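Going by the working numbering, the residue at position 205 of the sequence shown is 1668; the numbering climbs one at a time, nothing skipped.
A quick write-up on the structure given underneath.
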Amino acid sequence: MVLFTVNEEKCVKCGLCAKVCPSWLISFNEEGFPLVLSSKESSCIECGHCALFCPVSANSLSFLKENEICKKSELPFPSESEAINFLKTRRSIRRFKNEVISKEIFAQIFETVNQAPTASNKQAVRWIVSKEPLETKKIVRLILTWLSEVLAKDPQSPVALLATVMLEKDKEQEDGLLRGAPHVAIAVVPANYKWPEDGAIALTYLELAAHAVGVGACWGGFLTMAIRHSEELRKYLGINDDEHVCGAQMLGYPQFKPVRQFAPRRNININWL
Ligand SMILES: Cc1cc2nc3c(=O)[nH]c(=O)nc-3n(C[C@H](O)[C@H](O)[C@H](O)COP(=O)(O)O)c2cc1C
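Now the structure itself:
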């Protein structure tokens, strides 16, 4: 199947498709219509920009799902201040309602996450998500098992200090590790992957997409650390040794929400050149 086709009746020969192509794959025939030489097709990273940016929607791609794309003008958009306030009001949530996130809401969140940028559009991030609170609780137990082992092996290690606190909290029936979140989402990439930051970007999209639909999130730093060290936990989660754990988010409906905004921050550190 031909990768790139152009509707010559619509095309205005503006050349914008060639300008936005990240890999300079588009050239022009004698009549000035854009084309991708078959010898160049395998270099396409499938970003879709030649079609998405075309001002007259003249271009089509073999992998483009026409029924899934729409005109930007058909999308409702927040105002500038609404969009900025949306970003600035995301806060870490550490108390969750006893309520699961439905399949539909998860689908909506992950559809948004799937729009995150990835290096060369590789889309190498794999997700492991606990659907049920029972599975999340099992993860907490496995983290606690690992922390007990760390404590027994070297009571002076920095992790042992954390282990003491978390095991104490557990005795008080409090989940200090995942904060009682009903779900967690873990992002992994292949261990030898050049751009592990793709995972962190996707996790950031995840917490923002969650914020958009009223779901609370918090980065699971302890969880990430535990997965990186505990073979038993990796086994339970189905994470292979040839995979790198980029990070994790705890997810659930917030029990409490901040009444005032914004969070105090130090002055941002920028060296303007
Ligand atoms: C990589 C990373 C790991 C984190 N790990 C944890 C964690 O294990 N537990 C926790 O309660 N918060 C964790 N946080 C949340 C930070 O404490 C929080 O982002 C920071 O205090 C700022 O607060 P805000 O997110 O509400 O703006 C983590 C954040 C990041 C970015």
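Note that CB positions come from ideal geometry on N, CA and C, so glycine has one too.
This one's a predicted model, so the numbers in the text were calculated from it and none came from an experiment.
Could you give the C-beta distance for residue i and residue j, rounded to a whole number, given that I count them as a contact under 8 Å?
i: A1711; j: T1687; result: 5 Å
i: C1513; j: I1532; result: 13 Å between Cβ atoms; not a contact.
i: V1519; j: K1473; result: 5 Å
i: C1709; j: A1644; result: So it is not a contact: roughly 18 Å between Cβ atoms.
i: N1584; j: I1508; result: 4 Å
i: I1606; j: L1696; result: 7 Å
i: L1479; j: F1516; result: 6 Å
i: A1579; j: W1658; result: Their Cβ separation, rounded to whole angstroms, is 12 Å, which puts A1579 and W1658 out of contact at 8 Å.
i: A1587; j: Y1668; result: Wrong, their Cβ atoms sit about 15 Å apart, outside the cutoff.
i: P1539; j: C1510; result: Not confirmed; about 24 Å, so no contact.
Closer than 8 Å by C-beta to residue i: which residues in its own chain qualify, once you throw out the five before and the five after it? Chain order, please.
i: A1673; result: I1572, G1679, A1680, Q1712, L1714
i: W1487; result: A1481
i: E1706; result: R1589, V1651, V1652, P1653, A1654
i: T1552; result: H1674, P1721, Q1724, F1725
i: P1541; result: F1549
i: L1700; result: I1591, I1602, I1649, I1690
Is it right to say residue i is buried, meaning 16 or more other beta carbons lie within 10 angstroms of its own, or is it exposed?
i: W1609; result: buried
i: Y1464; result: At residue 1464 the sequence reads Met, which differs from the Tyr that was named. Exposed, because fewer than 16 other Cβ atoms sit within 10 Å of the Cβ of M1464.
i: R1691; result: exposed
i: D1661; result: buried
i: N1522; result: buried
i: E1537; result: exposed
i: R1723; result: exposed
i: V1676; result: exposed
i: R1642; result: buried
i: T1627; result: exposed
i: I1547; result: exposed
i: A1689; result: buried
i: P1497; result: buried
Spatial neighbours of residue i within its chain, please: CB distance less than 7 Å, with the 5 preceding and 5 following residues excluded, ordered by chain position.
i: E1504; result: L1466
i: Q1718; result: R1558, F1559, K1560
i: A1623; result: V1613, L1614, D1617
i: P1596; result: V1563, P1645
i: E1670; result: R1553, A1680, Q1712
i: G1683; result: L1641, V1647, A1711, Q1712, M1713
i: T1599; result: S1593, L1641, A1644, P1645, H1646, V1647
i: L1500; result: S1490
i: A1665; result: V1576, A1579, V1588, A1650
i: D1633; result: L1607
i: I1556; result: G1679, A1680, C1681, P1717
Give me, in chain order, the residues of the same chain whose beta-carbon lies closer than 6 Å to that of residue i; leave out the 5 immediate sequence neighbours on both sides.
i: G1495; result: K1476
i: E1562; result: Y1716
i: S1693; result: W1609
i: V1592; result: A1648
i: F1685; result: L1640
*Inside the stretch 1472-1529 only - alpha helix (DSSP H) runs reaching at least 4 residues*: 1479-1483, 1512-1515
_Entirely enclosed alpha helix (DSSP H) segments - the stretch 1655-1735, minimum 4 residues_ = 1660-1675, 1684-1692, 1694-1700
_Report the start-end ranges of each beta strand (DSSP E) in the stretch 1577-1659 that is 3 residues or longer and not cut off at the edges._
1589-1592, 1646-1653
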